[in-house]
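Here UniProt numbering is used: position 149 in the sequence shown is 149, and no number is missing along the way. In this text, a Cβ means the ideal position worked out from N, Cα and C, and glycines have one as well. Remember, it's a predicted structure, so these values are computed and weren't measured experimentally. Below: the structure, in structure tokens.
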Amino acid sequence: MLRVFKPTWMVESVFHISPQKLKRHGITTVLADLDNTLIPWNNKTSTQRLRHWMESLHAAGIKLVVVSNNNPRRVKHAVADLQLPFVAHALKPLPVGIKRVLKRDHLNRGEVVMVGDQLLTDVLAANNCKIKSIWVKPLVKTDLLPTKINRQLEKIVYRLIRKKYHLQWKEDID
Ligand SMILES: [Mg+2]
1 MLRVFKPTWM VESVFHISPQ KLKRHGITTV LADLDNTLIP WNNKTSTQRL
51 RHWMESLHAA GIKLVVVSNN NPRRVKHAVA DLQLPFVAHA LKPLPVGIKR
101 VLKRDHLNRG EVVMVGDQLL TDVLAANNCK IKSIWVKPLV KTDLLPTKIN
151 RQLEKIVYRL IRKKYHLQWK EDID
């Protein structure tokens with residue numbers, strides 16, 4: 001049962017993930033959570049850091065799609081200058097938001113990876129969809145209110161899976 005929470009990889013931040021390694025794993029599209037994954041939850045707009053990472057993805061021929069549980073207004077505004085495609089109200093950990101992207105962009109499960117800062121939403125949604133996942137540390141220490149509650153449960157779940165699967169934070173994916 002704990003397997004549903006197990007990320008494929010655990011990496012310091014989204015910006016540590018190298019496009020070349022993603023390519024080696026056959027990844028053509030990265031699905032990424034927004035708040036505290038791509039930008040701090042309290043940032044209204046995108047950042048220079050995100051722009052650079054996105055450019056390196058694009059240079060490697062990898063697409064980036066935002067899959068967020070937040071509302072369309074927030075997501076649209078946050079990524080407006082980057083012109084990123086997105087799904088808002090994704091209802092993670094349910095697989096609906098991810099499935100919508102797979103269907104819309106005609107993607108196979110093997111060629112996508114979900115990146116996010118929460119085990120109980122992002123990683124669980126990826127596993128519910130049977131796609132690869134990368135769990136990253138949140139960009140800032142504070143969280144949106146609903147996330148604060150999830151973090152308490154996440155701590156417990158992480159303690160259990162870390163032991164069972166000998167998990168470790170890495171500098172990049174393998
Ligand atoms: Mg998040």
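Within 10 angstroms of its Cβ, does residue i collect 16 or more other Cβ (buried), or is it exposed?
| i | result |
| --- | --- |
| A32 | buried |
| P146 | exposed |
| W169 | exposed |
| residue 175 | Because the chain in this structure spans residues 1 to 174, residue 175 falls outside the shown range and cannot be described. |
| E171 | exposed |
| A59 | exposed |
| K164 | exposed |
| Q152 | exposed |
Which residues does DSSP list as the beta-bridge partners of residue i?
| i | result |
| --- | --- |
| M10 | W135 |
| M114 | L31 and S133 |
| K21 | Note: K21 sits in no beta bridge, so no partner. |
| L64 | V30 |
| I156 | Bridge partners of I156: none, in fact. |
| I39 | D35 |
| K170 | V11 |
Between the C-alpha atoms of residue i and residue j, what's the straight-line distance to the nearest angstrom?
| i | j | result |
| --- | --- | --- |
| I62 | I98 | 17 Å |
| T8 | S133 | 5 Å |
| L167 | R74 | 33 Å |
| L124 | W135 | 10 Å |
| I161 | T47 | 33 Å |
| C129 | G26 | 17 Å |
| L94 | T28 | 22 Å |
Candidates the options: which alpha carbon is nearest residue i's?
| i | options | result |
| --- | --- | --- |
| W53 | P19, K130, P72 and E154 | P19 |
| L57 | R74, D81, F15 and K92 | F15 |
| L139 | V115, V101 and Q83 | V115 |
| P85 | L64, V4, P93 and K92 | L64 |
Problem set entry | Inter-stretch contact (C-beta, 8 Å, three-pair minimum) for the stretch 25 to 43 and the stretch 66 to 76 | yes
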